[in-house]
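See structure below.
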Amino acid sequence: MEDVEYGTPARIIDAFARNLKSMKPLLSQLLCAAVQSLQARGDLPADADIGVNLERTRDRSHGDFASNLAMVLCKAARTKPRELAEKLVAALPASEQVSRVEIAGPGFINFFLSPTAYHATVDHILEQQAAYGRSDLGQGKSVQVEFVSANPTGPLHVGHGRGAAYGATVADLLEAVGYKVHREYYVNDAGRQMDILATSVYLRYLDLCGEQLSFPANGYKGDYVWDIAASLHRKHADALRHPAATVFEGVPADEPAGGDKEAHIDGLTNRAKKLLGETRYREVFDLGLDSILENIRRDLEEFGVHYDEWFSERSLTSNDSVQRAIQRLRDSGHTYKDKGALWFRSTDYGDEKDRVLVRENGQSTYFASDIAYHMNKLERGYDRVIDIWGADHHGYVPRVKAALEALGDDADKLDVLLVQFAILYRGGEKVQMSTRSGEFVTLRELRHEVGNDAARFFYVMRKCEQHMDFDLDLAKSQSSDNPVYYIQYAHARVASVLRQLAEKGLTWERANGAANLHRLTEAHEDALLVSLSRYPEVVETAAVGHEPHQLAHFLRDLANEFHTYYNAHQFLVDDKGLRDARLNLIQAARQVIGNGLRLLGVSAPDSM
RNA sequence: GCCCCGGUAGCUCAGUAGGAUAGAGCAACGGCCUUCUAAGCCGUGGGUCAGGGGUUCGAAUCCUCUCCGGGGCACCA
19 MEDVEYGTPA RIIDAFARNL KSMKPLLSQL LCAAVQSLQA RGDLPADADI GVNLERTRDR
79 SHGDFASNLA MVLCKAARTK PRELAEKLVA ALPASEQVSR VEIAGPGFIN FFLSPTAYHA
139 TVDHILEQQA AYGRSDLGQG KSVQVEFVSA NPTGPLHVGH GRGAAYGATV ADLLEAVGYK
199 VHREYYVNDA GRQMDILATS VYLRYLDLCG EQLSFPANGY KGDYVWDIAA SLHRKHADAL
259 RHPAATVFEG VPADEPAGGD KEAHIDGLTN RAKKLLGETR YREVFDLGLD SILENIRRDL
319 EEFGVHYDEW FSERSLTSND SVQRAIQRLR DSGHTYKDKG ALWFRSTDYG DEKDRVLVRE
379 NGQSTYFASD IAYHMNKLER GYDRVIDIWG ADHHGYVPRV KAALEALGDD ADKLDVLLVQ
439 FAILYRGGEK VQMSTRSGEF VTLRELRHEV GNDAARFFYV MRKCEQHMDF DLDLAKSQSS
499 DNPVYYIQYA HARVASVLRQ LAEKGLTWER ANGAANLHRL TEAHEDALLV SLSRYPEVVE
559 TAAVGHEPHQ LAHFLRDLAN EFHTYYNAHQ FLVDDKGLRD ARLNLIQAAR QVIGNGLRLL
619 GVSAPDSM
């Protein structure tokens, strides 16, 4: 290691730095200036690509930030990395925020920040409060985030919960870093599954009327179907009743009777439509749709997951979007007819096989609706479109992208984020679930069991492509083993200290604390200061990478540093200067923990 | 068969666009409460980063092959 004298003061850069909310951009500016001056002297080619080259050090002896710039650019400069590093360091403008610069190892440039820089962070946090950590990285670009979008054929279950928590947090993170976010739920309010729901409701209704019938193998068997049927019966009494024998007349046999369960349920749907007539059938259908959708909305709302728009699939048919999308694909020559169906030649765009747009029976497919929906999204002019799907839909990605390309749209504007399943564990045992039989744990049951805070946090604790083991016992436990309580407790502890202060008849003077920040020289205080200054970087990384787990882990670490500090040092000391400085620091910690938890949709209580 | 995701400490997982000695929490073991909440803190042990080969100054990270686990391959939604 060696110290190198570096350049002339550049007041412009420090003036700029005072307006910055975090330190990393300042150092990037300094490095840029150094590169430019080497370029001006001809020591570096003018087209040298700088890129991202600044990172937090893992080891404090390497300073606060390290840059591998010299190693990256040494080929272009045709010099050894360490020689280039020395030239770069010599060309670095001076800054109040930087106390020392070192060259180390193969050619790392290590930056040691001055205590002033960290003290400025505390001031920033206390001034900006809830705004600390927000940025304008996204520059107001618009992004649409579609998530959950579960079929309204039953209540949300724990699998949807992960998509809900993940999607909501990704959306909030993007908003925090300056994107204009539109949150949307795509309501599959058309199609065969909804017909099956309507038929299931109707059959349960007939049962309530006193008809004897055997419920179809492929019908929806959940209790909520009985509830909807009961509403239907309250409203219409026996007015919609037809003899079971009439309803089942001419319907193909069900599976248990050696028939085809699909043909059986479709046959029942057709009978229901015929016997009830268009209007009354639609009434049954809409009663099912509306009550389930209302249930889903309430569930998500209670979970702290809010939407700007509930987009109806049916609207795509009624306003001819589907027809228009299909027509555009036909006009551009990407379709063909085969076996009575209209096919989209998605294999031209890398899909495994071609896909049907319009079935032999004249009905357009779900895929056709989805093309129209994505066409609609892009027509609305978003800069980016994000779809969050369950991992079981991954095979669907290539064909949607293929369709967008065939339409002449920019498929790269679409990001599809796939969320893996969550497996629940209770008492060390896997909780068995089966959607078919209607035996699944609902999101509501989960929320009631472990609480919203734990559920939100646990769902985003793992990166989305990881299969997740959700430990219900841990989520419920009120101990330090539970990261949610651990973090919330740190927040509450600060509030508690301030209450103690008041009880002792003392007051906290922020300005005095700010003037005494140089008294914070303990190793624990230093560690806390570093973490607090990292927060904006963490939010940006988490937002840009769609990785809420980064924030969850950061908060756990920050809470740990706070608890460690709490145990090692008394805050409410007699020395007023030191006391106020410490109060500034821990209040800043409370603010950052609170800001982070809010982004994750978790509450930050002042007492527990 | 083809495609996607994963394989890091006994368990659950991080590892920030290849970087410096691979980390955390549980679990195990040993300590710390007359003092701001012990819902907390400190210490100890623990690793063939699934395995082989390659790319380069440098690989848990990139390429390739093999093995293991999960998921997907509809004129369903």
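Position 458, counted from 1, in the first sequence is what the working numbering calls 476; the numbers after and before it change by one each time, with no gaps.
Every residue gets a Cβ at the ideal spot worked out from N, C-alpha and C, and that includes glycine.
How many Å lie between residue i and residue j at the Cα?
i, j, result
"Ala529", "Gln115", "21 Å"
"Ile404", "Ser153", "20 Å"
"Thr139", "Trp407", "39 Å"
"Tyr468", "Arg417", "The sequence given here places Val at residue 468; Tyr does not occur at that position. Straight-line Cα distance between these residues: approximately 39 Å."
"Asp487", "Gln496", "19 Å"
"Val22", "Ala52", "Note that Val22 scores a pLDDT of 35, beneath 50, so its modelled location is shaky; the value from the coordinates is reported in the next line. For Val22 and Ala52, the distance between alpha carbons rounds to 14 Å."
"Arg342", "Cys50", "50 Å"
"Lys42", "Gly151", "13 Å"
"His251", "Tyr223", "6 Å"
"Lys363", "Gly446", "Lys is not the amino acid found at residue 363; the sequence shown has Arg there. Taking the straight line joining both Cα atoms gives about 49 Å."
"Ala108", "Leu87", "14 Å"
"Lys355", "Ala148", "58 Å"
"Met19", "Leu191", "Per-residue confidence for Met19 stands at a pLDDT of 30, beneath the threshold of 50, marking its modelled position as unreliable; the derived number appears in the next sentence. Straight-line Cα distance between these residues: approximately 39 Å."
"Gln609", "Leu617", "12 Å"
"Ala577", "Ala440", "26 Å"
"Leu102", "Pro63", "13 Å"
"Asp428", "Asp207", "28 Å"
"Tyr203", "Leu360", "28 Å"
"His200", "Phe329", "12 Å"
"Arg289", "Val161", "45 Å"
"Leu550", "Met626", "23 Å"
"Val219", "Arg316", "21 Å"
"Arg511", "Ser333", "51 Å"
"Arg180", "Ala189", "14 Å"
Tell me, to the nearest whole angstrom, how far the beta carbon of residue i is from that of residue j; I am working on the premise that it is less than 8 Å.
i, j, result
"Thr264", "Met212", "Not quite, the Cβ-Cβ distance comes to about 23 Å (not below 8 Å), so this is no contact."
"Gln450", "Ala409", "Not confirmed; about 20 Å, so no contact."
"Ile8", "Leu307", "The displayed coordinates of the chain run from 19 to 626. Any statement about residue 8 would go beyond what the structure contains."
Per DSSP, what are the beta-bridge partners of residue i in this structure?
i, result
"Asn128", "Ala84, Glu120"
"Ser160", "Lys198"
"Leu632", "Only positions 19 to 626 of the chain appear in the structure, and residue 632 is not among them; the question remains open."
"Val437", "Gly408"
"Trp328", "Tyr203"
"Tyr443", "Lys448, Asp489"
"Ser382", "Val376"
Based on Cα-Cα distance, which residue from the options lies nearest to residue i?
i, options, result
"Ala533", "Leu547, Asn602, Thr559", "Asn602"
"Leu104", "Lys93, Ser113, Val119", "According to the sequence as given, residue 104 is Glu; it is not Leu. Selected option, being the one with the closest Cα: Val119."
"Arg597", "Ala607, Tyr220, Leu519, Ala510", "Leu519"
"Glu558", "His581, Gln157, Ile604", "Gln157"
"Ala586", "Gln605, Ala545, Pro623, Leu569", "Ala545"
"Asn470", "Ser309, Asp349, Tyr503", "Tyr503"
"Leu442", "Lys494, Gln568, Ser625", "Lys494"
"Arg600", "Tyr584, Glu296, Asp369, Gly612", "Tyr584"
"Asp61", "His352, Ser79, Leu91", "Leu91"
"Val556", "Val515, Glu543, Arg537, Gly614", "Gly614"
"Tyr477", "Tyr203, Pro566, Leu155", "Pro566"
"Arg78", "Ala541, Thr287, Gly228, His352", "Ala541"
"Pro261", "Val302, Ile611, Leu294", "Leu294"
"Glu397", "Val415, Gly612, Gly426, His411", "Gly426"
"Ala421", "Ala508, Leu464, Gly368, Gly380", "Gly368"
"Tyr197", "Val163, Asp272, Ser167", "Val163"
"Leu174", "Trp244, Phe321, Gly277", "Phe321"
"Ala247", "Ala271, Val548, Thr217", "Thr217"
"Arg574", "Thr525, Val620, Pro501, Tyr507", "Pro501"
"Asp366", "Thr353, Pro124, Gly228", "Thr353"
"Gly413", "Gly595, Arg259, Leu436", "Leu436"
"Thr582", "Lys594, Leu535, Ser498", "Ser498"
Residue i: buried (16+ other C-beta within 10 angstroms of its C-beta) or exposed?
i, result
"Ser336", "exposed"
"Met393", "buried"
"Asn236", "buried"
"Val591", "exposed"
"Ala135", "buried"
"Arg29", "Its pLDDT being 35, under 50, Arg29 is placed unreliably by the model, and nothing is read from it."
"Ala651", "One cannot answer for residue 651 here, as it falls past the ends of the chain, which runs 19 to 626."
"Arg373", "buried"
"Ser350", "exposed"
"Thr187", "buried"
"Arg76", "exposed"
"Glu543", "buried"
"Gly399", "exposed"
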